[in-house]
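Undergrad: Protein chains in written order, with our numbering: chain B, 673 to 1130; chain R, -18 to 171.
Below you'll find the structure I mean.
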Amino acid sequence: MGISTHPDEAKAFNKQSERVTWHDKTLWFVREKRDKSVHQLPEWETLRELAAQIKAHTLSHLDDYLLQFEKQAKKNGIKVHWAKDAEDHNQIVKDILIKHEAKKVVKSKSMLTEECGLNPYLSNEGIEVIDTDLGERIVQLAKEKPSHIVLPAIHKKKEEVGELFHQHLQTDKGATDPTYLTEAARQHLREQFLTADAAITGVNFAVAETGGFVVCTNEGNVDMGANLAKVHIASMGIEKIIPLKKHLGIFLRLLARSATGQPITTYSSHFHKPKKGKELHIILVDNGRTKQLSKPDFRSSLNCIRCGACMNTCPVYRRSGGHSYNYSIPGPIGAILSPGKDLNKYSSLPFASTLCGSCTDVCPVKIDIHTQLYKWRQIIGDKGHLPPSKKWSMKITGKVMGHPKTFHIVSLLGTTLLKSPKMILNNPFNTWGKDRDLPQPKHTFSHWYKKQNKHEEQ
Amino acid sequence: MKNNRSSILDTIKHTKIPEVELPRIPYFQGLSYDILNYFTDMLYQLGVEVINGENLEDLPPIISHLGYDNQLIFTQFCELPYRKKIKEEKLKDISLSILKGELGVAENGAIWVNDYKLPHRALTCIGEHLIIALSKKNIVWNMHEAYDTVQPENHGYGVFISGPSKTADIEQSLVKGAHGARSLKVFLYG
């Protein structure tokens, strides 16, 4: 039987209804910025289609492109490593750091290192890891995980950030001004960049043709970290590869507009060779990606460029918070990636959706997210991973719907019940009654239908 | 970890995936007739100040006027009378960096800067303030045209910069000056 994590975790988030409303509105604001930005480009739909085709083509020749990338990167003086899983990845990072006697590492936002659990692993080895993206630093100080892939601390109020910074960065007690707090973080993190022994970054796009890679940030933490440290380690999922340099034109036009509504991120940094006297490493990580590649129904989930648009638009994500997904990539895309990793552990995630299709509509690389959510639900049902409440309610609904007479009796009963005082209906067993007023129909559907037919006959 | 490599590649090879053709990228037109105005407007929207001039020689009096005279200034231009080389321990004291913009992109205000005549790569971001000087002749419409022109593979490091360093990680309030330059001014000349 599956572990019903999402509903339980969401329940915890929903305890503070004001915060839920705030979280919902904040993310919807980002979604609206995205809309404004994409409507300025007449070719938006063409760009999405091209991106989807380029990704599908790349996946159909993934081994060739990885080999081409490796060859070019080596020619450029980059050291290339391959990791089958999270353990391999962490081990490779550790070995490089130990070789350089690195004690302090600055890390720029990388969801892959989150996926691999790199921070706790390195800290167990006595290596200090400092997350340098402001949002990531906030959650790191709070001993939490990012709740969003682009806006890691979107769930935190400025009062909470103020308190954290007061404790860790000695800012004034009670200070909440974002400008003041950001300045404190700037001073603190600049000091870390200048004294770090190594830098770890993610990869947004790696180009097979040139053997280089691109990382996108607004803060410039990748450039500060990677350019100051003597060793730069870049971790990338094998699906981040694209064939040609000119394809960057397509993806960079799509990424920031989908993520935050910006026309492009402030820094789009291209790394091709290490600076003389320094080292540049890249780790190509599988960690379940080849498994997902082998599933035709779910293959296109590997198109994802991690913009977060599906999260910002998802009515369930906005009201349940990223932590409720309990997976490094939350929201709709996380809900189709995670069951491929561990169907039992993440069996509740494909149900954290209304199947409204909004995620699919905004996806810049045209992943049919809501169809894949539906397909995962069927697999989860077939394998018996449904939570008992869902299993039984579905079975009963199926029986009732399949027998007209029973349906008639039940709907009559329902109409009567709905007319009863709210107290009776909104009991703990009726989860639909939570935060909702149920309608009070005057008559049943079949009654209405018969009446309607009569009218038409006349 | 050689066996990791072959095991990943073998798994992919044995996964039969139907062939998908690589699409041809069409030509995308610009969004207005006036490329220079569109670019300038975009920069303003991004919180960038635009300074117009005839040639690079107009820049020193402007910098003087901005009050940088007794401060540490680095530049990528051999024509300008500022420091071209800086010791590593001095990097953090730079008040102003003047970088060479190779190419500007009108649709998003991004300017391509690379490591040519850049003694240290952190010079793209470590100065407190940043001026990028760009010739008006080197502005293209969109990222497709940009990648037809720039050669990132010829440079160990290159970056499109489209504004001051910024963040909105605290309650979505936009704050300029996260890790990199606190401000960006673009000097358009020629």
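All residues carry an ideal CB built from backbone N, CA and C; glycine is no exception.
At the 9 Å Cβ level, is Y170(R) part of the contact set with chain A, yes or no?
TA: No chain A is part of this structure, whose protein chains are labelled B and R.
Undergrad: What residues from the stretch 141 to 160 of chain R come within 7 Å of chain B, judged by C-beta to C-beta, listed N to C?
TA: Listed in sequence order: F141, I142, S143, G144, S146, K147, T148, D150, I151, E152, Q153, S154, V156, G158, A159 and H160.
Undergrad: Name the residues in the stretch 837 to 871 of chain B whose C-beta lies less than 8 Å from a C-beta of chain R; which are they?
TA: Within the stretch 837 to 871 of chain B, the qualifying residues are P850, T851, L853, T854, E855, A857, R858, L861, R862, F865 and L866.
Undergrad: Write down the C-beta distance between V778(B) and Q864(B) rounded to the nearest angstrom, noting that I regard them as a contact closer than 8 Å.
TA: 6 Å
Undergrad: Can K73(R) and R809(B) be called in contact, C-beta distance under 9 Å?
TA: no
Undergrad: How far does the beta strand (DSSP E) with E951(B) in it reach, from first residue to last?
TA: That run of the beta strand (DSSP E) goes E951 to V957.
Undergrad: Kindly say whether D39(R), judged by its beta-carbon, lies nearer than 9 Å to any beta-carbon of chain B.
TA: no
Undergrad: Name the DSSP beta bridge partners of W93(R), please?
TA: L84(R) and F141(R)
Undergrad: Below 8 Å on the Cβ atoms is my guess for T730(B) versus I913(B); work out the distance and round it to an integer in Å.
TA: 6 Å
Undergrad: Determine which residues share a DSSP beta bridge with E30(R) and list them.
TA: K166(R)
Undergrad: Considering only C-alpha positions, which residue in the set K781(B), C888(B), Q1050(B) and T851(B) is nearest to L155(R)?
TA: T851(B)
Undergrad: Name, please, each residue of chain R whose Cβ falls closer than 7 Å to the Cβ of E715(B).
TA: Listed along chain R, the residues sitting closer than 7 Å to E715(B) by beta-carbon distance are F9.
Undergrad: Quick check on the DSSP output: the beta strand (DSSP E) that includes I54(R) runs from which residue to which?
TA: I54 to T56
Undergrad: For S782(B), is the classification buried or exposed, using 16 other Cβ atoms within 10 angstroms of its Cβ as the cut-off for buried?
TA: buried
Undergrad: What does DSSP give as the partner residue(s) for W754(B) in the beta ladder?
TA: L956(B)
Undergrad: Please confirm whether W754(B) has its beta-carbon closer than 9 Å to some beta-carbon of chain R.
TA: With its beta carbon less than 9 Å from one in chain R, W754(B) belongs to the interface.
Undergrad: Taking Cβ-Cβ distances shorter than 8 Å, what residues in chain B pair up with H110(R)?
TA: Within 8 Å Cβ-Cβ: nothing; H110(R) doesn't reach chain B, min ~13 Å.
Undergrad: Just the C-alpha distance for V875(B) and I799(B), rounded to the nearest angstrom, thanks.
TA: Computed Cα separation, rounded: 22 Å.
Undergrad: Across the stretch 108 to 119 of chain R and the stretch 59 to 76 of chain R, are there enough close Cβ pairs to call them in contact, namely three or more that are closer than 8 Å?
TA: yes
Undergrad: Output needed for Y1046(B): all residues of its chain with C-beta closer than 7 Å, excluding positions within five of it in sequence on either side, in chain order.
TA: Around Y1046(B): L1027.
Undergrad: Compute the Euclidean distance between the alpha carbons of A162(R) and V140(R), then round it to the nearest angstrom.
TA: 14 Å
Undergrad: Measuring only the C-alpha atoms, how far is D767(B) from E773(B)?
TA: Taking C-alpha positions only, D767(B) is separated from E773(B) by approximately 10 Å.
Undergrad: How should P1004(B) be labelled, buried or exposed, when 16 other C-beta atoms within 10 angstroms of its C-beta is the threshold for buried?
TA: buried
Undergrad: I'd like to know if the stretch 740 to 749 of chain B and the stretch 1050 to 1058 of chain B are in contact, where contact means that at least 3 CB-CB pairs between them fall below 8 Å.
TA: no
Undergrad: What are the residues that DSSP puts in a beta bridge with G909(B)?
TA: V957(B)
Undergrad: Just reading off the beta strand (DSSP E) that K779(B) is part of, what are its end residues?
TA: K776 to K779
Undergrad: Tell me the rounded alpha-carbon separation between A870(B) and G1070(B).
TA: 59 Å
Undergrad: Pairs of beta-carbons, one from the stretch 970 to 979 of chain B and one from the stretch 747 to 755 of chain B, closer than 8 Å: are there three or more?
TA: no
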